[in-house]
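**Q** Here it is: the structure, laid out below.
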Amino acid sequence: NAGVTQTPKFRILKIGQSMTLQCTQDMNHNYMYWYRQDPGMGLKLIYYSVGAGITDKGEVPNGYNVSRSTTEDFPLRLELAAPSQTSVYFCASSYGGKNTEAFFGQGTRLTVV
Amino acid sequence: GESVGLHLPTLSVQEGDNSIINCAYSNSASDYFIWYKQESGKGPQFIIDIRSNMDKRQGQRVTVLLNKTVKHLSLQIAATQPGDSAVYFCAENRAAGNKLTFGGGTRVLVKP
Numbered sequence: 510n511a512g513v514t515q516t517p518k519f520r521i522l523k524i525g526q527s528m529t530l531q532c533t534q535d536m537n538h539n540y541m542y543w544y545r546q547d548p549g550m551g552l553k554l555i556y557y558s559v560g561a562g563i564t565d566k567g568e569v570p571n572g573y574n575v576s577r578s579t580t581e582d583f584p585l586r587l588e589l590a591a592p593s594q595t596s597v598y599f600c601a602s603s604y605g606g607k608n609t610e611a612f613f614g615q616g617t618r619l620t621v622v
Numbered sequence: 322g323e324s325v326g327l328h329l330p331t332l333s334v335q336e337g338d339n340s341i342i343n344c345a346y347s348n349s350a351s352d353y354f355i356w357y358k359q360e361s362g363k364g365p366q367f368i369i370d371i372r373s374n375m376d377k378r379q380g381q382r383v384t385v386l387l388n389k390t391v392k393h394l395s396l397q398i399a400a401t402q403p404g405d406s407a408v409y410f411c412a413e414n415r416a417a418g419n420k421l422t423f424g425g426g427t428r429v430l431v432k433p
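Residue numbers (the working numbering), protein chains in the order written: chain U, 510 to 622; chain Y, 322 to 433.
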């Protein structure tokens with residue numbers, strides 16, 4: 510089982526550029542999440558989804574967009590990249606409900622210069 | 322605002338001793354409280370959770386305690402091993418959307 514797969518692992522963007530961080534899971538989980546983690550800090554929720562076709566904002570959604578057209582995929586779009594978006598991005602998924610265990614990808618390290 | 326936070330940023334523990342990691346929370350509406358472990362360069366990994374109507378839950382070498390009166394959560398690791406060196410996050414899970422909110426993390430360093 511691959512679990513949660515994120516691509517790319519590393520990326521350097523110039524200010525104003527855009528990109529999409531890919532996330533896919535093969536566990537048939539309904540719930541998917543995007544977090545960012547700044548150095549030495551905790552994880553901040555950007556967006557989450559409770560199922561295909563449904564997305565909701567988290568704590569820090571500004572500057573990002575998501576879509577959930579399938580159960581497996583939950584891409585995160587950065588438009589007009591800014592230095593403040595330099596961070597490590599983690600995608601996660603879970604069954605939800607009483608099953609609280611979320612499975613995380615390996616992360617995407619993004620630098621905006 | 323609603324938040325989950327930690328008291329200690331770094332905890333140094335002698336190998337074989339017990340570790341206690343603390344966490345304070347402010348939202349009483351959470352359904353579950355969860356502990357995650359994050360090793361360097363990796364994503365967080367689930368350790369154990371506790372439902373909000375429980376006081377204590379035990380796993381393999383770990384125990385989570387929940388004190389709702391003072392809104393305090395702790396993770397106890399028995400006989401700490403070098404492989405336990407990591408950053409530990411507490412998190413809360415709310416039934417509405419199964420949203421996971423994380424605290425700032427405590428780094429545990431195990432000394433040989």
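In this text, a Cβ means the ideal position worked out from N, Cα and C, and glycines have one as well.
The structure presented is a predicted model; accordingly, all values stated were derived computationally and were not measured.
Which residue's Cα is closest to the Cα of Gly-426(Y): Gly-337(Y), Ser-340(Y), Tyr-357(Y), Tyr-353(Y)?
**A** Counting from one through the second sequence, the residue named residue 426(Y) turns up at place 105. Nearest of Gly-337(Y), Ser-340(Y), Tyr-357(Y), Tyr-353(Y) to Gly-426(Y), Cα basis: Tyr-357(Y).
**Q** For Asn-539(U), does the three-state DSSP call read helix, strand or coil?
**A** Counting from one through the first sequence, the residue named residue 539(U) turns up at place 30. Residue state, collapsed to three classes: coil.
**Q** Using a C-beta cutoff of 8 Å, does Tyr-557(U) count as contacting chain Y?
**A** Here residue 557(U) corresponds to residue number 48 of the first sequence, with the count starting at 1. By this cut-off, Tyr-557(U) is an interface position.
**Q** Do Asn-539(U) and Tyr-604(U) have their C-beta atoms closer together than 8 Å?
**A** Here residue 539(U) refers to the residue found at position 30 of the first sequence. Here residue 604(U) refers to the residue found at position 95 of the first sequence. Yes, these two residues count as a Cβ contact at 8 Å.
**Q** Measuring straight from C-alpha to C-alpha, what distance separates Thr-401(Y) and Arg-378(Y)?
**A** Position 80 of the second sequence, counting from 1, holds the residue named residue 401(Y). Position 57 of the second sequence, counting from 1, holds the residue named residue 378(Y). Cα to Cα, Thr-401(Y) sits roughly 18 Å from Arg-378(Y).
**Q** Please report the distance separating the alpha-carbon of Arg-520(U) from that of Val-513(U).
**A** Indexing the first sequence from 1 puts residue 520(U) at position 11. Indexing the first sequence from 1 puts residue 513(U) at position 4. Straight-line Cα distance between these residues: approximately 19 Å.
**Q** Could you pull the DSSP bridge partners for Lys-377(Y) from this structure?
**A** Against the second sequence, residue 377(Y) aligns to sequence position 56. For Lys-377(Y), which the question treats as bridged, DSSP gives the partners Leu-386(Y).
**Q** Taking the alpha carbon of Leu-572(U) as the reference point, which residue from Ser-527(U), Val-622(U), Lys-518(U) has its own alpha carbon closest?
**A** Locating residue 572(U) in the first sequence gives position 63, where the first residue counts as 1. Per the sequence shown, the amino acid found at residue 572(U) is Gly instead of Leu. Nearest C-alpha to Gly-572(U): Ser-527(U).
**Q** Using a Cβ-Cβ cut-off of 8 Å, state whether Leu-619(U) counts as contacting chain Y.
**A** Against the first sequence, residue 619(U) aligns to sequence position 110. Output row for Leu-619(U): interface = no.
**Q** Compute the Euclidean distance between the alpha carbons of Cys-587(U) and Glu-610(U), then round it to the nearest angstrom.
**A** Looking up residue 587(U) in the first sequence gives position 78. Looking up residue 610(U) in the first sequence gives position 101. One detail in the question is off: residue 587(U) reads as Leu in this sequence, not Cys. Taking the straight line joining both Cα atoms gives about 27 Å.
**Q** Determine the chain B residues that contact Lys-363(Y) at a beta-carbon separation under 9 Å, and present them in chain order.
**A** Absent here is chain B; the protein component of the structure consists of chains U and Y.
**Q** Strictly below 7 Å CB to CB, what residues from chain Y border Ser-603(U)?
**A** If you number the first sequence from 1, residue 603(U) lands on position 94. Those within 7 Å of Ser-603(U) in chain Y are Asn-419.
**Q** Whole angstroms is fine: what's the gap from Ser-593(U)'s alpha carbon to Gln-515(U)'s?
**A** The residue you call residue 593(U) lines up with position 84 of the first sequence. The residue you call residue 515(U) lines up with position 6 of the first sequence. Computed Cα separation, rounded: 21 Å.
**Q** Among the candidates Lys-607(U), Cys-600(U), Asn-608(U), whose CA atom is the shortest distance from the CA of Lys-363(Y)?
**A** On the second sequence, residue 363(Y) is found 42 positions in, with the first residue counted as 1. Residue Cys-600(U) is the option with its Cα nearest to Lys-363(Y).
**Q** Would you kindly work out how many angstroms separate the C-alpha atoms of Asn-339(Y) and Phe-423(Y), rounded to a whole number?
**A** Sequence index remark: in the second sequence, residue 339(Y) carries index 18 (1-based). Sequence index remark: in the second sequence, residue 423(Y) carries index 102 (1-based). Their Cα atoms are separated by approximately 24 Å.
**Q** Taking DSSP as the reference, what is the three-state secondary structure of Asn-608(U)?
**A** Here residue 608(U) is taken as the residue at index 99 of the first sequence, counted from 1. Here Asn-608(U) sits in strand by DSSP.
**Q** Under a CB-based cut-off of 8 Å, is Tyr-540(U) close to chain Y?
**A** Mapped onto the first sequence, residue 540(U) falls at position 31. Closer than 8 Å: yes.
**Q** Name, in chain order, the residues that DSSP records as bridge partners for Ser-439(Y).
**A** Chain Y is shown only over 322 to 433; residue 439(Y) falls outside these bounds and no answer can be derived.
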